[in-house]
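Per the numbering used here: the sequence shown = residues 116 to 609.
Even glycine gets a Cβ: it sits at the ideal position worked out from N, Cα and C.
Heads up: the structure comes next, in structure tokens.
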Amino acid sequence: MTLAPPEQVLSTLRNDGSRRWITPRVSRGRYLRRRAIVAYVLMAVFFLLPFLRARAPFLGIAGKPLFLLDIAARKFTLFGFVFLPTDTFLLALGMLFAFVSIFLFTAIFGRLWCGWACPQTVYLEFLYRPLQRLFEGTFGRGGPARKTGIGRKVGYFFTALLITAIPAHTFLAYFVGVENLSRWMRQPPSEHATAFLVMAITTALMFFNFYWFREQTCLIACPYGRFQSGLLDRQSLIVTYDIKRGEPRRGTVTHLPISADVSEAHGDCIDCRLCVATCPTGIDIRDGLQMECVNCTQCIDACDAVMDKVSRPRGLIRYSSQAAMELAHAPGEKLKTPGKLRFRTFFYPILLLVLGAAWIAVFLSMGSANVTILRSAGTPYTIVTRGNAALIGNPLKLKITNRTDETQSYAFDLADFPQAAIQEIDNPLTVAAGASVTESFLIEAPPAAFTTGKREVWMHITDGHGFSAKRLVKLLGPMSGSTGEFTTDNRSQP
116 MTLAPPEQVL
126 STLRNDGSRR
136 WITPRVSRGR
146 YLRRRAIVAY
156 VLMAVFFLLP
166 FLRARAPFLG
176 IAGKPLFLLD
186 IAARKFTLFG
196 FVFLPTDTFL
206 LALGMLFAFV
216 SIFLFTAIFG
226 RLWCGWACPQ
236 TVYLEFLYRP
246 LQRLFEGTFG
256 RGGPARKTGI
266 GRKVGYFFTA
276 LLITAIPAHT
286 FLAYFVGVEN
296 LSRWMRQPPS
306 EHATAFLVMA
316 ITTALMFFNF
326 YWFREQTCLI
336 ACPYGRFQSG
346 LLDRQSLIVT
356 YDIKRGEPRR
366 GTVTHLPISA
376 DVSEAHGDCI
386 DCRLCVATCP
396 TGIDIRDGLQ
406 MECVNCTQCI
416 DACDAVMDKV
426 SRPRGLIRYS
436 SQAAMELAHA
446 PGEKLKTPGK
456 LRFRTFFYPI
466 LLLVLGAAWI
476 AVFLSMGSAN
486 VTILRSAGTP
496 YTIVTRGNAA
506 LIGNPLKLKI
516 TNRTDETQSY
526 AFDLADFPQA
536 AIQEIDNPLT
546 VAAGASVTES
556 FLIEAPPAAF
566 TTGKREVWMH
576 ITDGHGFSAK
586 RLVKLLGPMS
596 GSTGEFTTDN
606 RSQP
């Protein structure tokens, strides 16, 4: 026999373990209007971004996509600039910058991202739930406002599935480009089976999330709420209930005429529970800061409307901080706001400046090509006979990645070391647009250059169109400067 828990464990879970379906009541107010504007602007940006092209010829990015993550070709295009797999240091700096930005943003504004800009919240609250209310007429946590027939349920199911295909295809355009996507949509799936399968899986996952899983993504799958204890502090902005002003509660709204004044012996909260009925994750904000709260502000709009009706000041539930809520204040007094300047809000911006400056410095030093010189595996050097002269040959590999949109020819020389020569490689070396070429070659130098067993030389690489790079090459050779110690097994003929 399984014992039922004495109290509710999760807002989406009943005591018997079954799921409690949440259909939150819509509380219209100033914050909902603002969130709606932000949500629909973000949706428009999401749908339009794959179609936008960069228009900056002076930067060499005219006509390139503004945002394209071409995994198959192993290159990302961000704001018209192309990034390749060799740009791992830039990627690392960018990820560190993003993480620190999240830390700073959360320390100041709390979970504002979750309630205002997260795609899960934006699409669920401003697309799928309005669609469900249109078909089923649901409101509050009590279920549907009227009995929903099978026809309405089927209509909602297929309409939601059809609508899901639109953002799913848009999401795919971020990885394959709108031109490929447009062509594939006009062709049978058999001609692009892999892309069709990816699109179908993406649509199915999105539909499963927004139609069935819904708020449980925030409560179970998303780690952000679990990290908030480490990201927030007592001065961080949160949606909170003013317990000093609200308690003790005045019973329920059914026992209080809507026009009656709240007695001085009671707090301003009349226990109408509209803040619970309107919460998209089903929590009671009056219980304090909770992991499930996504700062959607629906409880603020609901409570402000009730306070207007009972002639009490707004702000019983409001944006504030734990530290500000602990400060005593009288009703009607100007509400105190959380402080912004503290150690983490001072340290994080400095760290962001350092990371941002490092990223810009690396980005500006990239050039139109990536050049890497590596030693070949095996014998560090050999004796090469050229005519009557014995030379020391160092086997190396040259890797050139052409970052431009045109085929380039790269010439290289050892201008600072005229006694040496580059052999066994085409010079200049032709590399196609966006391609990467790796070629083996030899640098041959006289034995006298290796009196200490090594010699450092600079290799110059140019393309004749403004690109120029220098790479330091460490050559190895005999310690004595002569080749008498080597047998004929060390020698190779050209």
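Environment of K179 [buried if 16+ CB atoms lie within 10 Å]
For the purposes of this step, residue 179 is taken as residue 64 along the sequence shown, with counting starting at 1. That one is buried.
Three or more beta-carbon pairs under 8 angstroms between the segment 497-507 and the segment 547-560, yes or no?
Taking 8 angstroms as the limit for Cβ pairs, the verdict is that the segment 547-560 does touch the segment 497-507.
Presumed contact (8 angstroms Cβ cut-off) between V610 and I515, rounded CB distance
This structure cannot settle anything about residue 610, because the visible part of the chain is limited to 116 through 609.
Roughly how many whole angstroms lie between the Cα atoms of L431 and L389?
Here the question's residue 431 lines up with position 316 in the sequence shown. Here the question's residue 389 lines up with position 274 in the sequence shown. Whole-angstrom Cα-Cα distance: 13 angstroms.
Tell me F166's beta-bridge partners as DSSP assigns them.
What you label residue 166 is simply residue 51 of the sequence shown in a count that begins at 1. None, per the DSSP bridge assignment.
What does DSSP give as the partner residue(s) for H575 in the beta ladder?
The residue you call residue 575 lines up with position 460 of the sequence shown. In DSSP, H575 forms a bridge with D528 and K585.
Is the beta carbon of Y271 closer than 7 angstroms to that of F241?
Against the sequence shown, residue 241 aligns to sequence position 126. Against the sequence shown, residue 271 aligns to sequence position 156. No; because the gap between Cβ atoms is not below 7 angstroms, this pair is not in contact.
I need the DSSP call for R329, collapsed to helix, strand or coil.
Start at 1 with the first residue of the sequence shown, and residue 329 comes out as number 214. Note: R329 maps to coil in three-state DSSP.
CA nearest to the CA of L591, picked from A564, G579 and F582
Taking the first residue of the sequence shown as position 1, residue 591 is located at position 476. Ranking the options by Cα distance to L591, first place goes to A564.
Starting from the C-beta of F532, find all residues in its chain whose C-beta is less than 6 angstroms away, skip the five residues before and the five after it, and write them out in chain order.
For the purposes of this step, residue 532 is taken as residue 417 along the sequence shown, with counting starting at 1. Same-chain partners within the cutoff: V572.
List the endpoints of the continuous alpha helix (DSSP H) containing Y271.
Walking along the sequence shown from the start, residue 271 turns up at place 156. It spans I265 to V291 - the alpha helix (DSSP H) in which Y271 sits, taken as one unbroken run.
Per-residue burial, Q405 [other beta carbons within 10 Å of its own, 16 or more giving buried]:
For the purposes of this step, residue 405 is taken as the residue at position 290 of the sequence shown. By the neighbour-count rule (16 or more Cβ atoms within 10 Å), Q405 is not buried but exposed.
Using 7 angstroms as the threshold, is the C-beta distance between A473 and L208 below it?
By 1-based counting over the sequence shown, the position of residue 473 is 358. By 1-based counting over the sequence shown, the position of residue 208 is 93. Contact: yes.
Would you say the segment 320-338 touches the segment 194-201, given that touching needs at least three Cβ pairs under 8 angstroms?
no
For E306, name the three-state secondary structure that DSSP assigns.
In the sequence shown, counting from the first residue as 1, residue 306 sits at position 191. Helix, per DSSP.
Tell me the DSSP secondary structure of D399 in three-state form.
As a first step, residue 399 is located in the sequence shown; it is residue number 284 there, counting from the start. It is coil, neither helix nor strand.
Distance, P543 Cα to V585 Cα:
As a working note, residue 585 is residue 470 in the sequence shown. As a working note, residue 543 is residue 428 in the sequence shown. It should be pointed out that residue 585 corresponds to Lys in this sequence rather than to Val. Roughly 16 angstroms separates the two Cα atoms.
What is the residue span of the alpha helix (DSSP H) that I358 lies within?
The residue given as residue 358 occupies position 243 in the sequence shown. Its alpha helix (DSSP H) spans residues I358 to G361.
Provide the residue span of the beta strand (DSSP E) that contains D185, from first to last.
Sequence index remark: in the sequence shown, residue 185 carries index 70 (1-based). Residues F182 to D185.
Any beta carbon of chain B sitting closer than 7 angstroms to that of M300?
In the structure shown, chain B cannot be found, because there is only a single protein chain.
Coarse secondary structure for T487, derived from DSSP in three states:
Here residue 487 refers to the residue found at position 372 when the sequence shown is read from its first residue. Three-state DSSP puts T487 in a strand.
If we ignore side chains and look at the alpha-carbon of each, how far apart do C408 and H381 end up?
Position 293 of the sequence shown, counting from 1, holds the residue named residue 408. Position 266 of the sequence shown, counting from 1, holds the residue named residue 381. Between C408 and H381, the C-alpha separation is close to 27 angstroms.
Can you grab the Cα-Cα spacing for the pair C387 / C418, in whole Å?
Taking the first residue of the sequence shown as 1, we reach residue 387 at position 272. Taking the first residue of the sequence shown as 1, we reach residue 418 at position 303. About 9 angstroms.
In whole angstroms, give me the CA-to-CA distance for V187 and R267.
As a working mapping, residue 187 is identified with position 72 in the sequence shown. As a working mapping, residue 267 is identified with position 152 in the sequence shown. In the sequence as presented, Val is not what sits at residue 187; that position holds Ala. Each residue's Cα considered, the two are about 42 angstroms apart.
For K190, list the residues DSSP reports as bridge partners.
For the purposes of this step, residue 190 is taken as the residue at position 75 of the sequence shown. Its beta-bridge partners are D185.
Spatial neighbours of F191 in its chain, beta-carbon cut-off 6 angstroms, leaving aside the 5 residues before and after
Within the sequence shown, the letter at position 76 stands for residue 191. These residues qualify, in order along the chain: L184 and F198.
Just to confirm, is the Cβ distance from A222 to S344 under 7 angstroms?
As a position in the sequence shown, residue 222 is number 107, starting the count at 1. As a position in the sequence shown, residue 344 is number 229, starting the count at 1. Contact: no.
Terminal residues of the alpha helix (DSSP H) in which V197 lies:
The sequence position of residue 197 within the sequence shown is 82, counting from 1. Not the alpha helix (DSSP H): V197 falls in the beta strand (DSSP E), residues F196 to F198.
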